[in-house]
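Undergrad: As given, the protein sequences belong to chains A and B, one line each in that order.
Note that the working numbering has the first sequence beginning at 1, numbered continuously upward.
Note that the working numbering has the second sequence beginning at 1001, numbered continuously upward.
Using N, Cα and C, we set each Cβ at its ideal position, and we do this for glycine too.
Just so you know, these numbers come straight off a predicted model, no measurement behind them.
The structure is given below, and queries will be raised subsequently.
2 protein chains.
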Amino acid sequence: MCPMELLKQKILAEGRALNEHVLLVDCFLNHQVDVKLMKAVGEEFARRFADAGVTRIATIESSGIAPAAMTALEMDLPMVIMKKSVSSILKDGIIQTEVFSFTKNAPYLLTLKTQFIKPGDNVLLIDDFLANGEAAFGGISLLEKAGAKVAGVGAVIAKAFQPGMQKLRAAGYRVEALAPVRRMAEGLIEFGE
Amino acid sequence: MCPMELLKQKILAEGRALNEHVLLVDCFLNHQVDVKLMKAVGEEFARRFADAGVTRIATIESSGIAPAAMTALEMDLPMVIMKKSVSSILKDGIIQTEVFSFTKNAPYLLTLKTQFIKPGDNVLLIDDFLANGEAAFGGISLLEKAGAKVAGVGAVIAKAFQPGMQKLRAAGYRVEALAPVRRMAEGLIEFGE
């Protein structure tokens, strides 16, 4: 079975569509994490973006870290974690942008130390979910403010029925979703873009 | 060079002691992440806890995720991320404990869905830093509340001059620190327990 067939099987077997909008995958993606599956995910992102001249992997704290780390390992690149909360230590040389989280129903300040992303960098942004695209556009905005190009966005799961994927593509960004979900309802998950 | 010598060299070369208490390692551990080094870290934790009968790797959101994921990969175990913030989706079957963060100077509610840690589990808790031990004791308290045993605590860096490591050992927990720091001052980092 190809690795992404495995991911889809896992979503069908262990994921749970609570309604038309909420897909619960906390038993293998964002609370408990199947790291072997994340390794397969990282290998697949590395394969899809092999020709993209990527110089750095970026992700958004914190559910994107495991798949992004495995992608960075496979591509032999550093990973940069854009932060949702700022420690008292992290205050110099930072740039920030406000992002609205639909999951938490509140905005947060996405933060990046510019020392880690430079003009000339070509960054692949990896996250666990792509839905409305708020987090992805926030991340892209920081990466571009730091002078980098964005090689693309890789999402483990994309809710293709929400506007994020289309908006990103319309804005000229390459998007790869390993498990795009076309339709959900209680107990139903249908794959497709 | 043995892997942990590599880690210490990296700390000396790229870490920065700002004063007697603050060690800045955000260029390879918690903002930008050297995933190859994290893989070596994971291999070393796996080696040290090989005989401990570990059934699950746990970590605390979010800087522990990369080293914990690499440890879980090496030991072929699932990883469980204890959460610092709770999404509106995550509300059933959870246990929580209040932890004070000295870095953020504020308390947070550490959260675990009991479905992912069971009586009979023997959990290795991995984190990036061990200092006062607040986070580690909070994590242990949740793991034990869920009915699990704690096989030990693995810290990438431990500030051995702060009370966490000693308090954990005094309470009977096995602690492995890959880079224990005995003393710090501006521009000075001295290793040792």
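Report the CB separation of A151(A) from A52(A) in whole angstroms; it is logged as a contact under 8 Å.
TA: The pair is a contact, with the Cβ atoms about 4 Å apart (cut-off 8 Å).
Undergrad: Could you give the C-beta distance for L23(A) and V153(A), rounded to a whole number, given that I count them as a contact under 8 Å?
TA: Their Cβ separation, rounded to whole angstroms, is 18 Å, which puts L23(A) and V153(A) out of contact at 8 Å.
Undergrad: Do R130(A) and G172(A) have their CB atoms nearer than 7 Å?
TA: A small fix is needed here, since residue 130(A) is Leu in this sequence, not Arg. In this structure, G172(A) does not lie closer than 7 Å to L130(A) by Cβ.
Undergrad: Could you name the residues that DSSP lists as bridge partners for V181(A)?
TA: K159(A), F191(A), per the DSSP bridge assignment.
Undergrad: According to DSSP, L12(A) sits in a beta bridge with which residue or residues?
TA: In the DSSP output, where bridge partners are listed per residue, L12(A) has none listed.
Undergrad: For the segment 1032-1039 of chain B against the segment 24-33 of chain A, are there 3 or more C-beta pairs whose distance is under 8 Å?
TA: As far as the Cβ criterion goes, the segment 1032-1039 of chain B does not touch the segment 24-33 of chain A, which means the pair count is below three.
Undergrad: I need the DSSP call for N1105(B), collapsed to helix, strand or coil.
TA: Coil, per DSSP.
Undergrad: What separation, rounded to the nearest whole angstrom, lies between the Cα atoms of E1144(B) and L1125(B)?
TA: Rounded to whole angstroms, E1144(B) to L1125(B) spans 12 Å at the Cα level.
Undergrad: Check whether the Cβ atoms of L142(A) and A17(A) sit closer than 7 Å, and answer yes or no.
TA: No, the Cβ-Cβ distance between L142(A) and A17(A) is not below 7 Å.
Undergrad: Count the other CB atoms, across all protein chains shown, that sit within 10 Å of the CB of R169(A); report buried if there are 16 or more and exposed otherwise.
TA: Exposed, by the Cβ-count rule.
Undergrad: Using 10 angstroms around the beta-carbon of E1074(B), count the other beta-carbons present and answer buried if the total reaches 16, otherwise exposed.
TA: The residue in question, E1074(B), is buried, as its Cβ has 16 or more Cβ neighbours within 10 Å.
Undergrad: Taking all protein chains shown into account, decide if H106(A) is buried (16 or more other Cβ within 10 angstroms of its Cβ) or exposed.
TA: Per the sequence shown, residue 106(A) should be read as Ala rather than His. Exposed.
Undergrad: Output yes if chain A places a C-beta closer than 7 Å to the C-beta of L1143(B); else output no.
TA: No, L1143(B) does not count as interfacial toward chain A.
Undergrad: Using a Cβ-Cβ cut-off of 7 Å, state whether F161(A) counts as contacting chain B.
TA: By this cut-off, F161(A) is not an interface position.
Undergrad: If I'm right that V67(A) touches V41(A) with Cβ under 8 Å, what's the distance once you round it to whole angstroms?
TA: Position check: residue 67(A) holds Pro in this sequence, whereas Val was assumed. About 5 Å separates the two Cβ atoms, so the contact holds.
Undergrad: Quick one: using the 10 Å Cβ neighbour count with 16 as the cut-off for buried, is D1076(B) buried or exposed?
TA: The residue in question, D1076(B), is exposed, as its Cβ has fewer than 16 Cβ neighbours within 10 Å.
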